[in-house]
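Engineer: Chain order of the listed sequences is A and B. Numbering of the first sequence is given in UniProt numbering, commencing with residue 1 and proceeding in unit increments. Numbering of the second sequence is given in UniProt numbering, commencing with residue 1 and proceeding in unit increments. Backbone N, C-alpha and C fix where the C-beta goes; we use that ideal spot for every residue, glycine too. As the structure is a computational prediction, the values presented were derived from the model and not from experiment. First the structure, which I've put down as structure tokens, then a few questions once you've had a look.
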Amino acid sequence: MVLELQKPRPIWQIMFSTHHTDVGLLYLIMSLGFLFLGGALALAIRAELFLPGAQIIGDAMTFNRIFTVHGTTLIFLFIIPFASSVGNYFVPIMVRYKDMAYPKLNAIAFWMIPPAGALIWLGFADFTWYATPPYSIISAPGPAADMWIFGLKILGVSSVLGAINFIVTILKCKHPDMSIGQVPLLAWSFLSSSLIILVAIPTFAAALLMLLTDRLGVTGFFNPAMGGDPIAYAHLFWFTFHPEVYVLVIPAIGMMYEIIPRFSRKPIYSFNSGIFAFVLLSIVGFSSWAHHMYATGMSFTEKTVFMVGTLAAVPASAMHVYNFIATMWNGRIKFSTPMMWSVGGIALFFSAGAGGVANAAMPLDFTTHDTYWVVGHFHLFVMGTIAFGSIGFLYYMYPYVTGRMYNEAMGKIHFILSFVGTILVFFTQHVLGLYGMPRRIFDYPPIPEWIAMNQIASIGAMVIGVSMVVFLVNMIHSAGKGEPANPEDPFGVGGKYYYPFEAKNPSH
Amino acid sequence: MGGHSNWPEWIYVGVVVAIMCWVGAEAWEAERLVEHVPEGAEIIKVTGQQWFWTFEHEDGTKEIGELHVEKGKAYKFEIHSTDVNHSFNIHDYVVLMDAIPGRVNTVWFAPTDVGEHDIQCREYCGLIHYNMRGTLIVEEPKS
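Right, here's the structure in full:
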């Protein structure tokens with residue numbers, strides 16, 4: 001398999017290209033850029049919380065802006081564009097088509113993201129990634145808040161365009177000899193997540209518009225002083241962003257479905273249960289949004305309904321874990337770097353899910369809600385599962401994209417440091433939550449347990465930071481000086497691809 | 001795919017579903033008990049605003065930042081906010097309820113030990129959110 005041109009080309013040729021591998025490369029480089037920017041903000045947050053009192057960030061406002069942009073960046077400018085990159089590279093060749101269905105739309109969807117990212121970063125808003133009214137209406141300083149709203153609006157349109165493109169490519173452009181049941185699971189994951197995007201995103205798009213007109217003072221949808229209701233915003237927001245969790249996690253699971261059978265040298269245990277679990281997750285994902293809102297004063301019945309809806313998503317996730325383990329069972333496993341990241345990701349996915357069950361149970365949620373427990377919990381998903389799956393997949397596609405091998409030892413060091421760091425940061429944050437430390441706080445009282453846990457978490461963050469330096473050096477150095485890879489079987493695991501087609505870039 | 005049998009997966013899914021049903025049932029039962037407010041609970045009006053808590057007892061006395069209650073009595077908090085969303089939290093007694101402008105949310109508790117506990121805000125509310133703290137002081141019953 002070859003995904004990229006192996007000889008140098010002028011940069012403008014890639015930038016103005018509409019070919020799926022070129023757009024994939026643009027997505028890839030931009031998303032990794034934002035990974036490092038967002039990660040730097042995370043290090044600043046952890047350094048600040050190493051001890052009580054102001055440390056490196058002088059004031060609370062700057063701190064609030066930093067965690068807001070940290071979250072927004074890593075969700076919308078790293079995870080989603082990274083998945084789009086993988087989808088761009090792989091979905092067309094997996095359905096045996098020459099390109100995405102709408103190449104120009106594809107390039108437009110990409111080029112909407114840099115301006116949106118610029119709006120978010122130049123504005124540097126402070127109202128958290130949740131932009132909760134009435135704070136975001138009456139208190140949050142402009143123009144940062146307005147720039148954030150416009151940035152998110154643009155990103156929403158971009159993901160809808162991308163989703164339409166993936167759906168049409170998979171359903172309408174697949175090879176006529178191929179039935180939908182033969183489409184590989186990675187492509188299925190993009191089909192599922194794209195369908196979720198189409199249903200979920202418009203709700204938040206509407207909420208953002210209402211938030212903007214509320215800020216301008218012409219409406220009062222969410223402003224109690226004008227007869228509005230902030231809880232309405234919470235419903236609209238979570239109706240989009242709980243399913244969005246599945247938009248983020250499903251492609252990462254799809255990437256693991258690509259790696260685990262290949263490095264276990266066995267076919268997937270059950271292809272059909274993988275498809276079934278994807279489809280089930282994308283439906284059940286819509287029945288749990290208000291579990292984020294137990295403490296807003298919901299009635300007992302409402303809470304019960306959303307608890308049941310949340311617990312209903314667990315069996316589908318558990319089916320994926322079963323499928324992975326059953327695939328590895330009795331396989332001749334080769335623990336190359338991509339496999340290590342995937343297996344680590346599955347372990348952390350399981351821990352994250354177990355913590356999620358505790359959150360969903362109504363009485364327990366009142367202990368954990370809006371504490372560091374929640375921060376630890378969802379970071380085990382976004383970092384432990386999604387970023388681990390994504391980074392593993394990046395190592396996997398690296399030889400196909402660059403034609404050269406990364407340094408295996410450095411890849412393994414990167415994994416081990418990141419895995420240890422992730423456990424140090426996010427498991428301790430669960431404990432901090434049980435001690436009662438609220439999230440989104442610039443400073444905390446000098447309670448000995450809080451200080452100890454925060455220090456462990458901060459040291460873990462530094463370990464992840466070091467691992468990311470190893471990663472960056474490996475990626476840049478190996479792209480030019482790495483050993484040439486064998487495009488047929490760069491990892492020496494044997495076997496052939498079931499989609500033996502090379503990307504047909506006319507510039508190649 | 002292929003000829004392997006699927007029954008271990010069905011058993012596994014069945015076990016997961018059973019565990020979820022058990023978690024759900026336990027949570028439902030516990031929440032039902034927790035939400036039952038005892039009769040005669042004394043009402044305390046809690047007001048959150050950027051960035052402090054105000055408490056008003058039934059007899060009209062007001063306190064800012066500190067809340068004095070008596071051991072062994074049940075109290076029902078009526079919580080609201082005058083500006084942005086806050087969340088009223090006494091972590092040691094698992095008291096947590098959002099303070100939302102335009103709404104009154106209720107939650108109850110009955111302190112069991114004499115002593116001091118932290119009160120804090122758990123919903124992001126702006127600049128000094130991190131220091132929107134107070135103290136719950138539980139005293140011996142007066143009579």
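I want to verify the contact list: residues of chain B whose CB lies under 8 angstroms from the CB of residue 444/A, in sequence order.
Structural biologist: The contacting residues are 130.
Engineer: If you compare alpha carbons, which of 103/A, 110/A, 91/A, 64/A is closest to residue 586/A?
Structural biologist: Within the shown structure, residues of chain A are numbered from 1 to 508, placing residue 586/A beyond reach of any answer.
Engineer: Please report the distance separating the alpha-carbon of residue 200/A from that of residue 491/A.
Structural biologist: Cα-Cα distance, rounded: 39 angstroms.
Engineer: Would you list the residues sitting across from residue 90/B in a DSSP beta bridge?
Structural biologist: Its beta-bridge partners are 95/B.
Engineer: I think residue 56/B touches residue 44/B, with their Cβ atoms under 8 angstroms apart; what is that distance to the nearest whole Å?
Structural biologist: The pair is a contact, with the Cβ atoms about 7 angstroms apart (cut-off 8 angstroms).
Engineer: Under the assumption that residue 112/A contacts residue 154/A (Cβ atoms under 8 angstroms), give the Cβ distance between them as a whole number of angstroms.
Structural biologist: Between residue 154/A and residue 112/A the Cβ distance is about 5 angstroms, and since that is below 8 angstroms, they are a contact.
Engineer: Are three or more beta carbon pairs between the region 319–330 of chain A and the region 259–267 of chain A nearer than 8 angstroms?
Structural biologist: With the cut-off at 8 angstroms, the region 319–330 of chain A and the region 259–267 of chain A touch.
Engineer: Leaving out five residues on either side along the sequence, give the residues of the same chain with a beta carbon under 6 angstroms from the beta carbon of residue 242/A.
Structural biologist: Answer for residue 242/A: 288, 289, listed in chain order.
Engineer: So, are the CB atoms of residue 96/B and residue 366/A less than 8 angstroms apart?
Structural biologist: For residue 96/B and residue 366/A, yes; Cβs fall inside 8 angstroms.
Engineer: Can you pull out the residues from the region 96–129 of chain B whose beta carbon lies closer than 9 angstroms to at least one beta carbon of chain A?
Structural biologist: Cβ contacts with chain A come from 96, 97, 98, 100, 101, 102, 103, 104, 105, 106, 107, 118, 120, 121, 122, 123, 124, 125, 126, 127, 128, 129.
Engineer: What first and last residue would you give for the beta strand (DSSP E) that runs through residue 116/B?
Structural biologist: That run of the beta strand (DSSP E) goes 115–121.
Engineer: Thinking C-alpha only, which one of 292/A, 478/A, 269/A, 432/A is nearest residue 458/A?
Structural biologist: Comparing Cα-Cα distances from residue 458/A to each of 292/A, 478/A, 269/A, 432/A, the minimum goes to 432/A.
Engineer: Just how far apart, CA to CA, sit residue 296/A and residue 83/B?
Structural biologist: For residue 296/A and residue 83/B, the distance between alpha carbons rounds to 16 angstroms.
Engineer: Quick one, are the C-beta atoms of residue 169/A and residue 245/A less than 8 angstroms apart?
Structural biologist: No.
Engineer: Can you name the residues of chain A whose CB is closer than 7 angstroms to the CB of residue 91/B?
Structural biologist: The contacting residues are 436.
Engineer: Going by the beta-carbon positions, is the gap between residue 337/A and residue 415/A smaller than 8 angstroms?
Structural biologist: Yes; because the gap between Cβ atoms is below 8 angstroms, this pair is in contact.
Engineer: Would you mind telling me which residues of chain B sit closer than 8 angstroms to residue 303/A, beta carbon to beta carbon, in chain order?
Structural biologist: The answer, in chain order, is 31.
Engineer: Comparing alpha-carbon positions, which option in 125/B, 113/B, 139/B, 67/B lies nearest residue 141/A?
Structural biologist: Among 125/B, 113/B, 139/B, 67/B, the Cα nearest to that of residue 141/A belongs to 125/B.
Engineer: What does DSSP give as the partner residues of residue 135/B in its beta bridges?
Structural biologist: Beta-bridge pairing links residue 135/B to 66/B, 118/B.
Engineer: Leaving out five residues on either side along the sequence, give the residues of the same chain with a beta carbon under 6 angstroms from the beta carbon of residue 1/B.
Structural biologist: Since pLDDT at residue 1/B reaches only 43, below the 50 mark, its modelled position is unreliable, and no value is offered.
Engineer: Taking residue 25/A and residue 4/A to be in contact with their CB atoms under 8 angstroms, please state how far apart those CB atoms are, rounded to whole angstroms.
Structural biologist: About 7 angstroms separates the two Cβ atoms, so the contact holds.
Engineer: Alpha carbon to alpha carbon, how far is residue 179/A from residue 265/A? Give it in angstroms, no decimals.
Structural biologist: About 24 angstroms.
Engineer: Does residue 28/B have its Cβ less than 8 angstroms from a Cβ in chain A?
Structural biologist: Interface residue, yes.
Engineer: Pick out the complete alpha helix (DSSP H) segments inside the region 367–408 of chain A, 4 residues or longer, and give them in chain order.
Structural biologist: The qualifying runs are 372–379, 388–402.
Engineer: Excluding the 5 residues flanking residue 364/A on each side, which residues of the same chain have their C-beta closer than 8 angstroms to its C-beta?
Structural biologist: Excluding sequence neighbours, residue 364/A sits near 358.
Engineer: Pull up the DSSP beta-bridge partners for residue 81/B, would you.
Structural biologist: The partner list for residue 81/B (beta bridge, DSSP) reads 48/B, 101/B.
Engineer: For residue 11/B, count the other beta carbons within 10 Å of its own beta carbon; 16 or more makes it buried, fewer makes it exposed. Which is it?
Structural biologist: Its Cβ having fewer than 16 others within 10 Å, residue 11/B is exposed.
Engineer: Output the distance between the C-alpha atoms of residue 480/A and residue 7/A, rounded to the nearest integer angstrom.
Structural biologist: Their backbone Cα atoms lie some 11 angstroms apart in a straight line.
Engineer: Quick one, which of 353/A, 334/A, 16/A, 469/A has its alpha-carbon nearest residue 374/A's?
Structural biologist: Of 353/A, 334/A, 16/A, 469/A, the residue nearest in Cα terms is 353/A.
Engineer: Residue 16/A by DSSP, collapsed to three states: which one?
Structural biologist: Residue 16/A falls in the coil class under three-state DSSP.
Engineer: Using a Cβ-Cβ cutoff of less than 7 angstroms, which residues in the same chain neighbour residue 213/A once the five nearest sequence positions on both sides are dropped?
Structural biologist: Excluding sequence neighbours, residue 213/A sits near 219.
Engineer: According to DSSP, simplified to helix, strand and coil, what is residue 529/A?
Structural biologist: Shown here, chain A extends from 1 to 508; a query on residue 529/A therefore has no answer.
Engineer: On the criterion of 16 or more Cβ atoms from any shown chain inside 10 Å, does residue 116/A qualify as buried, or is it exposed?
Structural biologist: Classification of residue 116/A: buried, given that the 10 Å Cβ count is 16 or more.
Engineer: Do the region 452–472 of chain A and the region 86–104 of chain A meet, that is, are 3 or more Cβ pairs less than 8 angstroms apart?
Structural biologist: Touching, no.
Engineer: Tell me which residues of the region 365–398 of chain A have at least one Cβ-Cβ distance to chain B shorter than 8 angstroms, keeping chain order.
Structural biologist: Cβ contacts with chain B: 366, 367, 369, 370, 371.
Engineer: Identify each residue in the region 40–51 of chain B for which the Cβ-Cβ distance to at least one residue of chain A is less than 7 angstroms, and report them in chain order.
Structural biologist: The residues in question: there are none.
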